[in-house]
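Enquirer:
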Amino acid sequence: MNDQKKISFTGVIRAVQPRSTVWRYRLDNRTHNVIGFNLFLRGAVDGGEEHTFVVAISSAQQGKNHFHIGDEIKGTAWTKKYPKWEYADFYRAGNLKKTNSVTAEEESAPPWTGETPAVEKYNWRGCRMLARRNWGKRCFTCKWAAMANVAIEYDWGRRQKYRFESFCYGPRSCPFYDMGVPRAVPYKDCGEDYDQGWMDDICTQNRKDDDE
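Under the numbering used here, the letters of the sequence shown match residues 14 to 225, in that order.
#1: With the cut-off set at 8 Å, would you say A69 and T154 are in Cβ contact?
#2: Use the C-beta contact count for Y100: other C-beta atoms within 10 angstroms, 16 or more gives buried, fewer gives exposed.
#3: Would the beta-carbon of A158 fall within 8 Å of that of C187?
#4: Taking all protein chains shown into account, do 16 or more other C-beta atoms lie within 10 angstroms of the C-beta of V132, making it buried, or fewer, making it exposed?
#5: Work out the CA separation of I215 and Y95 for me, nearest whole Å.
#6: Going by the DSSP bridge assignment, what does P188 pair with across the sheet?
#7: Smallest Cα separation from N147: which of N113, D223, T65, M160?
#8: Should E118 be counted as a contact of the ligand SAH given a C-beta to heavy atom distance under 7 Å?
#9: Given S179, which residues of its chain have a CB within under 6 Å of its CB, disregarding the five upstream and five downstream residues?
#10: Distance, Cα to Cα, S114 vs A57?
#11: Given a cut-off of 8 Å, decide if N219 and R141 are closer than it, judged by their beta-carbon atoms.
#12: Which residues mark the beginning and the end of the beta strand (DSSP E) in which V198 is found?
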């Protein structure tokens with residue numbers, strides 16, 4: 014647990030991704046919930062040196078401001094209290110303002126970089142595991158890519174383990190998609206089982222069309 018500090022920031026948006034939480038239990042339970050958005054920025058914090066950082070914002074803030082790649086913004090936020098629970102560097106953002114706005118790109122092929130839909134759309138679509146190398150490279154700017162905050166039920170009702178995992182909310186027909194390697198899901202005194210991807214079909218079962 015860290016002491017929290019309020020900061021001010023400025024930067025140019027490099028990517029806008031859903032902020033997702035995932036709960037895992039063994040191999041037969043994997044639930045997802047999109048609770049807002051992560052803004053990946055290149056800029057400065059408290060007037061310091063330029064670097065890359067991530068600010069978590071609410072769905073209401075994204076709905077109001079329609080942030081997208083190339084926008085220059087400023088605002089305030091807080092350092093995270095529990096670093097192992099939260100992928101973003103800062104959250105509880107406020108005083109958000111665009112200082113320079115650009116037109117969102119037209120979408121004709123992946124990565125999909127247009128306007129983000131509402132969180133309800135993400136939750137309805139569901140997601141599949143995405144190779145971390147894809148998330149960090151060719152899929153990084155895509156609005157369907159996500160680095161989720163994952164809680165693993167390690168000892169039921171007593172202890173959880175935490176990590177970050179990459180997922181894709183995009184079309185099942187996307188040529189960029191790659192699941193990557195199976196993911197270990199540990200449980201106390203039972204070693205590790207591996208999520209081979211079959212849960213992806215269940216998590217995306219609302220979609221009837223691979224291009225949706």
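For each residue, glycine too, the CB sits at the ideal point set by N, CA and C.
These numbers were taken from a predicted model, which means no experiment stands behind them.
Expert: Once the coordinates are examined:
#1: Within the sequence shown, the letter at position 56 stands for residue 69. Within the sequence shown, the letter at position 141 stands for residue 154. No, the pair does not count as a contact, with Cβ atoms beyond the cut-off.
#2: For this step, residue 100 is matched to residue 87 along the sequence shown. It is buried - the Cβ of Y100 has at least 16 other Cβ atoms within 10 Å.
#3: Reading the sequence shown from its first residue, position 145 is the one you call residue 158. Reading the sequence shown from its first residue, position 174 is the one you call residue 187. Result no, Cβ atoms of A158 and C187 do not sit closer than 8 Å.
#4: Looking up residue 132 in the sequence shown gives position 119. When all chains shown are included, V132 counts as buried.
#5: Here residue 95 refers to the residue found at position 82 when the sequence shown is read from its first residue. Here residue 215 refers to the residue found at position 202 when the sequence shown is read from its first residue. Each residue's Cα considered, the two are about 31 Å apart.
#6: Reading the sequence shown from its first residue, position 175 is the one you call residue 188. Paired residues: none, contrary to the question.
#7: Mapped onto the sequence shown, residue 147 falls at position 134. Comparing Cα positions, the closest option is M160.
#8: The ligand SAH is absent from the structure shown, which contains no ligand whatsoever.
#9: Reading the sequence shown from its first residue, position 166 is the one you call residue 179. Cβ neighbours of S179 beyond the five flanking positions: L143, R145, W148, M160.
#10: Along the sequence shown, one-based indexing puts residue 114 at 101. Along the sequence shown, one-based indexing puts residue 57 at 44. Taking the straight line from one Cα to the other gives about 18 Å.
#11: Within the sequence shown, the letter at position 128 stands for residue 141. Within the sequence shown, the letter at position 206 stands for residue 219. Not a contact, by the Cβ cut-off of 8 Å.
#12: Translated into the one-based positions of the sequence shown, residue 198 becomes position 185. Start and end: 196-199.
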